[in-house]
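Protein chains: 2
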Amino acid sequence: MTSSENVQNTHDGHTLTSGRLRQLHEAVLDIVAVMNRPQRDAFMVRTAGIALDRALFPLLVLVGKFGPIGVVELADRNGRDHTTVSRQVGRLVELGLVERQVNEHDRRIREVILTDRGRAMTDRIDEARESLMRAALGDWSDEELGQLATFMRRYADAILGIPDHHNAGDQQNRQFTR
Amino acid sequence: MTSSENVQNTHDGHTLTSGRLRQLHEAVLDIVAVMNRPQRDAFMVRTAGIALDRALFPLLVLVGKFGPIGVVELADRNGRDHTTVSRQVGRLVELGLVERQVNEHDRRIREVILTDRGRAMTDRIDEARESLMRAALGDWSDEELGQLATFMRRYADAILGIPDHHNAGDQQNRQFTR
DNA sequence: GGAAAATATGTGCGTTTTACACGTAAAAAG
DNA sequence: CTTTTTACGTGTAAAACGCACATATTTTCC
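Protein chains in written order, with the UniProt record's numbering: chain A, 1 to 178; chain B, 1 to 178.
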């Protein structure tokens, strides 16, 4: 049952070697590692010139990117329980960086949106990130960048499409805490 | 200073539009979101048939992928302080999933490696992940998959290359806690 | 139309996770 | 060979987190 030569036919006749998938997974792990580096956030926040709790930074960025956005969706994108995110949003409100507003079509949803101050901050963060990305990707050709972006988008959509699923709390909702 | 038409020349004459970079960043955010979903880990762990604390799972996978690996490097890949990871490794040792061994050439480093039991577990996790990936990427052609993997690897290397850097704690080592 | 189920959000509260301060040991730099 | 840097670990206290539970709104279905 070693997987070194494991090959499996897919429904439409293509084959995916384990090796290729592992290679892909390894690259993704590296990317996630970089994105999860706290120093990375720290640099951006410092550039933006504002002190912000570690846990709040990714939320602010997500609100900027995907807002107006509900707490549950925000929690999903952030990989945290919605109760945790709810509290963190509360802190962002206190800091004057975001606001809540009831969704027009579904009054259960209290959308989170950036305030002017929050927008100013994410703008500076975007600039900092863009600067870093330019430095990292400066030697890529325009065509290559286009292909990269296309593949990334397509891959993201593919894995986003995996049924939320498998996991979907069954037996108990409890997490598997030891 | 709006960025809608912001274009900047790079050292070798190419241009990177902000739009393209933003598009790329958004895709990366989606990917990271999926990877960070706790339910995802939960599913894998359940598949592997063993209860494992949430925080321990990513470490086990990293040790399997990159081990033997030192605590500091593990901490970097995991985006946590090395003291945190040190303790978590201790727990993995207690669970009999990993072992520590002093590096032969640098006795400061206590490499972390999988035990047979740990390897058996990561093998099952790998199978579960592979199954998910096949489901998600089953309709990609072999050529496309190759390109995807290549681009991912190249992008990972590019951002891994960003000097650890900018951030590098200066004034104080203290994190920017509020 | 209305009961039942599903979804979105939020608070109480105990647990888990995390990082800073500090110390030791080994290697690298000078 | 002294100084600096790097790797690792423990004490301690705070931050982050999630489950149980409750409310409000929408959706489902008979």
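Every residue, glycine too, gets a C-beta built ideally from N, C-alpha and C. Note that this is a predicted model, so its numbers are computed, not measured.
Can you grab the Cα-Cα spacing for the pair residue 225(A) / Arg124(A), in whole Å?
Shown here, chain A extends from 1 to 178; a query on residue 225(A) therefore has no answer.
Tell me, please, whether the segment 73–85 of chain A touches the segment 23–42 of chain B by the rule of three or more beta-carbon pairs shorter than 8 Å.
yes
Using a Cβ-Cβ cut-off of less than 9 Å, give me the residues of the segment 122–142 of chain A that come near chain B, in sequence order.
Asp123, Asp126, Glu127, Ala128, Arg129, Glu130, Leu132, Met133, Arg134, Ala135, Ala136, Leu137, Gly138, Asp139, Trp140, Ser141, Asp142
Counted within 10 angstroms of its Cβ, other Cβ atoms place Asn36(A) as buried (16 or more) or exposed
Residue numbering aside, residue 36(A) sits at position 36 when the first sequence is read from its first letter. Buried: at least 16 other Cβ atoms inside 10 Å.
Count the other C-beta atoms from every protein chain shown that fall within 10 angstroms of the C-beta of Val102(B), then say buried if there are 16 or more, exposed otherwise.
Start at 1 with the first residue of the second sequence, and residue 102(B) comes out as number 102. By the 10 Å Cβ count, Val102(B) comes out exposed.
Let's see if you can read the secondary structure: which residues bound the alpha helix (DSSP H) around Gln124(A)?
Your numbering for residue 124(A) matches position 124 in the first sequence. Residue 124(A) is actually Arg in this sequence, not Gln. Run containing Arg124(A): 116–137, per the alpha helix (DSSP H) assignment.
Candidates Val28(A), Ala158(A), Arg20(A), of which the one nearest residue 227(B) by Cα
The displayed coordinates of chain B run from 1 to 178. Any statement about residue 227(B) would go beyond what the structure contains.
Sort Val71(B), Phe43(B), Gly118(B) by Cα distance to Leu95(B) and report the nearest one.
Indexing the second sequence from 1 puts residue 95(B) at position 95. Out of Val71(B), Phe43(B), Gly118(B), Gly118(B) has the C-alpha closest to the C-alpha of Leu95(B).
Strand pairing of Val98(A), partner residues [DSSP]
On the first sequence, position 98 is the one that residue 98(A) refers to. Leu114(A).
Check whether the Cβ of Arg117(A) lies closer than 8 Å to any Cβ atom in chain B.
Along the first sequence, read from residue 1 onward, the residue named residue 117(A) stands at position 117. No, its Cβ sits nowhere closer than 8 Å to a Cβ of chain B.
Taking the alpha carbon of Ile159(A) as the reference point, which residue from Arg108(B), Thr150(B), Asp139(B) has its own alpha carbon closest?
Taking the first sequence and counting its residues from 1, one reaches residue 159(A) at position 159. Nearest C-alpha to Ile159(A): Asp139(B).
Chain-ordered chain A contacts of Glu111(B) [CB-CB under 8 Å]
By one-based count along the second sequence, residue 111(B) stands at place 111. Chain A residues near Glu111(B): none, gap ~18 Å exceeds 8 Å.
Arg110(B) versus Gly19(A): straight-line alpha-carbon distance, rounded
By 1-based counting over the second sequence, the position of residue 110(B) is 110. By 1-based counting over the first sequence, the position of residue 19(A) is 19. Computed Cα separation, rounded: 29 Å.
Which residue wins for smallest C-alpha separation from Asp41(A), given the options Met121(A), Phe66(A), Gln147(A), Arg108(A)?
For this step, residue 41(A) is matched to residue 41 along the first sequence. Measuring from the Cα of Asp41(A), the nearest candidate turns out to be Met121(A).
Closer than 7 Å at the beta carbon, the chain B residues around Val85(A):
Counting from one through the first sequence, the residue named residue 85(A) turns up at place 85. Within chain B, no residue comes near Val85(A); the closest Cβ sits about 13 Å away, beyond 7 Å.
Using CA coordinates, which residue listed in Leu21(B), Val89(B), Phe151(B) is at the minimum distance from Leu52(B)?
Locating residue 52(B) in the second sequence gives position 52, where the first residue counts as 1. The option with the nearest alpha carbon to Leu52(B) is Val89(B).
Scan the segment 91–103 of chain A for residues whose Cβ lies nearer than 8 Å to a Cβ of chain B and list them as they occur along the chain.
none
Could you tell me which residues DSSP pairs with residue 181(B) in its beta bridges?
Coverage of chain B is limited to positions 1 through 178, which leaves residue 181(B) absent and any answer about it impossible.
If residue 196(A) sits next to Pro68(A), beta carbons under 8 Å apart, how far is it from one beta carbon to the other, in whole angstroms?
Residue 196(A) lies beyond the residue range present for chain A, which begins at 1 and ends at 178; the question has no answer from this structure.
C-alpha gap between Asn6(B) and Val98(A), whole angstroms
Position 6 of the second sequence holds residue 6(B). Position 98 of the first sequence holds residue 98(A). Unreliable placement is indicated for Asn6(B), whose pLDDT of 46 sits below 50; no coordinate value is reported for it.
Please work out which residues of its chain come closer than 7 Å, Cβ to Cβ, to Leu56(B), disregarding the five sequence neighbours upstream and downstream, and give them in chain order.
As a working mapping, residue 56(B) is identified with position 56 in the second sequence. Excluding positions up to five away in sequence, the list reads Gln88, Arg91, Leu92.
Considering only residues of the same chain and omitting the five flanking positions on each side of Ala48(B), which have a CB-CB separation below 6 Å?
Position 48 of the second sequence holds residue 48(B). If we look at Ala48(B) and ignore the five residues flanking it on each side, its Cβ neighbours are Met121, Arg124, Ile125.
Give me, in chain order, the residues of the same chain whose beta-carbon lies closer than 7 Å to that of Ile162(B); leave out the 5 immediate sequence neighbours on both sides.
The residue you call residue 162(B) lines up with position 162 of the second sequence. Cβ within range, chain order: n/a, list empty.
Just reading off the alpha helix (DSSP H) that Pro68(B) is part of, what are its end residues?
Here residue 68(B) is taken as the residue at index 68 of the second sequence, counted from 1. Run containing Pro68(B): none; DSSP gives neither H nor E here.
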